[in-house]
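Counting with the numbering used here, you get residues 454 to 900 for the letters of the sequence shown.
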Amino acid sequence: MTRWILGWLVAPWSMAQPVEIAPDGAWTFFNDERGVFHEGLLYLGYVKGDGDVGVTRFDPKSGSASHVVLGSEAARQRDDHNNPSLTVMPDGHLLAMYARHIADPFYFHRRSKVSSPVSLEDWGEEMREPVADKVTYSNTFFLKDEGRVWDFQRSLNFNPAYTTSEDGGRSWATVKPLVKTGGGSVRPYFHYSSNGLGRIDLAYTDGHPRNVKNSLYHIYYEKGAFHRTDGTVIKKEEELPLDHDGGERGTVIYSYFEGEEPESRDEGVANGRAWVWDLEYDAEGHPVCVFQLHPHATNDFDRTISGWPDSRIRYYWARWDGSGWQVHFIAEAGRGKYRNEDDYAGGICLDPEDPRVVYLSSNAQKPFDLNQQEVPLSAHDRYEIYRGTTSDDGATFSWEALTENSSEDHLRPFVAKGHPGKRHVVWFSGDYRTYMDYRCRVLGIFE
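As structure tokens, then:
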């Protein structure tokens with residue numbers, strides 16, 4: 454392996470080799486928690502290449518794994534948007550929630566019958582809950598202080614919506630709108646995180662970067678109300694939805710702009726449209742997020758300024774310091790994965806146990822040279838996985854390569870909460886052609 458500091462090669466780095474966790478699987482980056490550590494084992498959800506919703510139980514110590522097709526035939530769809538969220542309930546059992554991609558006016562859920570499920574027999578019946586619109590995504594969190602489970606989805610008016618359960622995920626309230634924007638064609642993209650006690654944080658955009666000049670915002674839920682980052686109340690839960698078009702928005706992390714490039718690349722890039730990748734908490738309880746910026750033409754109907762083959766994406770790390778969001782440009786992401794989804798970077802995530810640690814996928818030849826005017830791609834445009842650490846609140850990072858000279862792409866790294874090691878990360882690897890056409894396996898490093 455190879456190590457860099459501030460983008461420059463300094464020394465070889467010896468570490469564990471990736472191991473296979475599941476032979477078939479991929480996921481989107483808008484369902485969480487995608488995986489959880491529970492009783493020393495990793496439970497990880499994904500969608501197989503044939504559309505089956507799967508969960509793997511993996512033991513990092515022994516390397517043993519068991520695989521379950523969790524979704525029924527009704528839940529099958531060849532689409533990586535459908536990976537389940539996994540949540541540990543107070544009784545130690547697991548709750549899985551999932552939905553097909555803009556296909557059904559309902560979502561699915563299952564509870565495990567035991568605390569350490571191995572086979573489908575260890576899971577209860579697959580249940581469906583009706584919704585007044587087609588559903589996509591599941592983001593599920595248990596708040597101990599309330600005794601409620603929250604699940605966030607996209608459904609009503611093609612906007613973010615939510616439902617709650619007061620009996621550990623056995624029954625669910627009617628889905629309600631969270632944010633209202635547009636007339637059914639605009640969809641903000643959200644990332645969620647929770648401290649598991651009484652708070653849920655949300656980072657989100659105005660819409661899809663393909664269609665909207667995206668800024669990036671942050672809010673949080675606590676004690677029955679939604680707040681801006683500084684604690685200002687926007688609305689109580691019973692007053693929802695937030696009227697995005699009417700100005701009921703969160704604290705700005707990044708503000709879209711056009712015109713001249715700023716003096717510092719930490720300030721962003723002209724015409725750069727945001728998309729959020731991850732959101733966690735630092736040791737002080739302050740939110741930290743990572744996101745991308747992708748320069749687009751100023752005309753919403755144009756593609757990227759120079760077209761997909763030549764467009765490039767940047768990764769950013771941002772932290773609330775108690776008074777403001779501090780944003781830093783940390784890496785070149787390279788090019789989007791394919792033409793029709795040219796905003797799909799390789800992916801970036803935070804270590805939830807220490808968000809000073811990030812993992813990312815890039816196909817840039819020199820991803821940590823932050824002064825490039827042109828960004829050449831790696832050999833054969835392959836996406837590799839890197840680990841970065843900062844000791845100065847994101848101003849600088851040291852980097853090491855976890856994969857090198859690969860014959861296949863390594864994409865969408867993810868770190869599960871509660872992991873016991875220094876380096877615990879999973880990703881999928883293989884032939885990813887589109888979100889509906891892929892042949893990938895799930896890999897991980899556990900140290």
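Idealized CB from N, CA, C, for every residue including glycine.
Just so you know, these numbers come straight off a predicted model, no measurement behind them.
Query: Validate contact between the stretch 505 to 513 and the stretch 584 to 600 using beta carbons, cut 8 Å, 3 pairs; Result: no
Query: Span of the beta strand (DSSP E), counted from its first residue to its last, around leucine 864; Result: 862 to 867
Query: For phenylalanine 483, the three-state DSSP class (helix, strand or coil); Result: coil
Query: Rounded separation between isoleucine 974 and proline 630 - CA only; Result: Absent from the structure is residue 974, since the part of the chain shown begins at 454 and ends at 900.
Query: Three CB pairs or more closer than 8 Å across the stretch 553 to 571 and the stretch 518 to 529; Result: yes
Query: Where aspartate 598 falls: helix, strand or coil (DSSP); Result: coil
Query: Alanine 518 - DSSP class collapsed to helix/strand/coil; Result: strand
Query: Cα-Cα separation, glutamate 837 to threonine 593; Result: 30 Å
Query: Presumed contact (8 Å Cβ cut-off) between alanine 869 and glutamate 486, rounded CB distance; Result: 7 Å
Query: Identity of the residue in Pro873, Arg835 and Arg765 nearest glutamine 825 by Cα; Result: Arg765
Query: Serine 538 classed as buried or exposed, judged by whether at least 16 other C-beta atoms fall within 10 angstroms; Result: buried
Query: Test: alanine 798 CB closer than 7 Å to a CB of chain D; Result: Reference to chain D is not applicable here, since this structure consists of a single protein chain.
Query: Cβ-Cβ separation, arginine 640 to histidine 671 (assumed contact under 8 Å), whole Å; Result: Actually they do not touch by this definition, with Cβ atoms about 18 Å apart.
Query: Proximity below 7 Å, CB of phenylalanine 501 to CB of aspartate 477; Result: Correcting the residue identity first, residue 501 is lysine in this sequence and not phenylalanine. Yes, Cβ-Cβ distance for lysine 501 and aspartate 477 is below 7 Å.
Query: CA nearest to the CA of serine 815, picked from Asp807, Glu794 and Lys790; Result: Lys790
Query: Same chain, Cβ closer than 6 Å to valine 588, five either side skipped, listed in chain order; Result: Ala552, Tyr560, Gln606 and Ser608
Query: Status (buried if at least 16 other CB within 10 Å, exposed otherwise) for alanine 848; Result: exposed
Query: Which listed residue (Arg767, Ile801 and Lys819) has its alpha carbon closest to that of glutamate 733; Result: Ile801
Query: Touching by the beta-carbon criterion (3+ pairs, under 8 Å), the stretch 720 to 739 and the stretch 693 to 704; Result: no
Query: Distance CB(tryptophan 603)-CB(aspartate 533) smaller than 7 Å; Result: no
Query: Cross-strand partners of tyrosine 499 (DSSP beta bridge); Result: Gly507
Query: Under 7 Å between C-beta atoms of tyrosine 707 and leucine 669; Result: yes
Query: Unbroken stretches of the beta strand (DSSP E), 3 residues or longer, contained in the stretch 795 to 821; Result: 801 to 803 and 810 to 815
Query: Between the CA atoms of histidine 877 and tyrosine 496 - distance to the nearest angstrom; Result: 13 Å
Query: Outcome for leucine 547 when other beta-carbon atoms lying within 10 angstroms are tallied against a minimum of 16; Result: buried
Query: Histidine 643 - DSSP class collapsed to helix/strand/coil; Result: Looking at the sequence shown, residue 643 is not histidine but phenylalanine. Here phenylalanine 643 sits in strand by DSSP.
Query: Residues of its chain near methionine 542, where Cβ-Cβ distance is below 6 Å and the 5 sequence neighbours each way are ignored; Result: Leu548 and Gly621
Query: Among Asn610, Phe483 and Asp845, nearest to tyrosine 423 - alpha-carbon criterion; Result: Look at the range of the chain in this structure, 454 to 900, and you will see that residue 423 is not part of it.
Query: Whether leucine 803 touches aspartate 731 by CB criterion (7 Å); Result: yes
Query: Buried versus exposed, by CB contacts within 10 Å (16 or more), valine 879; Result: buried
Query: Identity of the residue in Asp890, Thr856, Gly883 and Lys819 nearest glutamine 470 by Cα; Result: Thr856
Query: Length at least 3, wholly inside the stretch 523 to 565: the beta strand (DSSP E) runs in chain order; Result: 538 to 541, 547 to 551 and 559 to 564
Query: Member of Glu690, Asn667, Gly684 and Thr685 whose CA lies at the smallest distance from the CA of alanine 678; Result: Glu690
Query: Alanine 723 (DSSP reduced to helix, strand or coil); Result: coil
Query: Per-residue burial, histidine 749 [other beta carbons within 10 Å of its own, 16 or more giving buried]; Result: buried
Query: Burial state of valine 780, where buried means 16 or more other Cβ atoms lie within 10 Å; Result: buried
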